[in-house]
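To start, the structure under review is shown below, and the notes come after it.
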Amino acid sequence: MPAAPGAPAEAVTVRAKGRPRSAAADLAILDATRETLAELGWGGLTMGHVATRAKVAKTTLYRRWPSKNELVVDAVASLFDELVMPDLGSLRADIEAVVAQFADLLARPETQAALLALFAEGTRDRQLRRRIREAIVDPQKRLVRQGRAAAQARGELAPDTDPSAAGEEIDIIFDTIAGTVEHRVLVSGEPITPEWTRRFTSLLLGPFPSLAAD
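Numbering follows the working numbering, in which position 73 of the sequence shown is assigned residue number 85; successive positions increment by one, without gaps.
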């Protein structure tokens, strides 16, 4: 269906087939998925449970997500879309801000239940593990790339000269930050305090003495 005269093209989103997707329905479905997962666990969650909670038809649900795996991955991925890399004037400040955001996100019961269930199931399902990497892990590496680019623009870090080496470093940095914070919150059950975040950031920036100084 064409946009009304004078309306911007991006204001109308139409699928290749069928009716336009409803953003409100998508949001309700993803919220319902996480709530149901927290209550019933991976084994108890069904597409029918989610449809009932979200107040949509099962056919609506299946048109958007053909399987439970796809639905749960997208429900978890949407949580991480909330994370942003600020530009606070220093790499230290940027890292501390992102760690605080990530810790607050992981502290939510729905996030904990969803992640633990998804990761546990992923250990038994290679295809699901690949989808987790593609939809959740890899997209969040944008935070490292953005923070690194901002630090280079400020002159805190040297420009990248080897794209391959830079990509490997970004992977390592992401794994170090995400892995440490997730382990502390989800496995050890310890809080992420401002003091802990400062000490962690100092260790992370240890190879760069001028940046590691608190």
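Here a beta-carbon is modelled for each residue, glycine too, at the ideal position from N, C-alpha and C.
The region 84–98 makes no contact with the region 192–205: fewer than 3 CB pairs, one atom from each, lie closer than 8 Å. Nearest in C-alpha terms to G55, of all of V149, L130, V156, S214, is L130.
Around the beta-carbon of R160, 16 or more other beta-carbon atoms lie within 10 Å, marking it buried.
Its chain contains A126, L127, L130, I148 as the residues whose beta carbon lies nearer than 7 Å to that of V88, once the 5 sequence neighbours on both sides are disregarded; these appear in chain order. Less than 8 Å separates the beta-carbon of I107 from that of T213.
In the pairwise beta carbon analysis, the region 44–59 is classified as touching the region 75–92: at least three pairs are separated by under 8 Å. Rounded to whole angstroms, the gap between the alpha carbons of Q124 and A50 is 8 Å. Short of 6 Å from the beta carbon of H61, and not among the five residues preceding or following it, lie these beta carbons of its own chain, in chain order: T48. 8 Å or more divides the Cβ of I204 from the Cβ of V68. With a beta-carbon spacing of about 4 Å, A178 and D172 fall inside the 8 Å limit used to define contacts. Between A35 and E168, the alpha-carbon positions lie close to 41 Å from each other.
Annotated as proximal: M59 and L73, with beta-carbon spacing under 8 Å. Shown here, I204 sits in coil according to DSSP, grouped into three states, outside any helix or strand. Rounded to the nearest angstrom, the gap between the Cα atoms of P78 and R145 is 19 Å.
Scanning the region 46–81 from its first residue to its last, the whole alpha helix (DSSP H) runs of 4-plus residues come out as 59–66, 70–76. Contact between L217 and L223 holds: their C-beta atoms lie close to 4 Å from each other, under 8 Å.
For V199 and L118, the gap between their C-alpha atoms comes out near 11 Å. Exposed is the label assigned to R136, since fewer than 16 other Cβ atoms lie within 10 Å of its Cβ.
In the structure shown, the three-state DSSP call for R120 is coil.
Excluding residues up to 5 positions away in sequence, M97 lie with their Cβ nearer than 6 Å to the Cβ of Q158 in the same chain.
DSSP places S34 outside any alpha helix (DSSP H), giving it a letter other than H or E.
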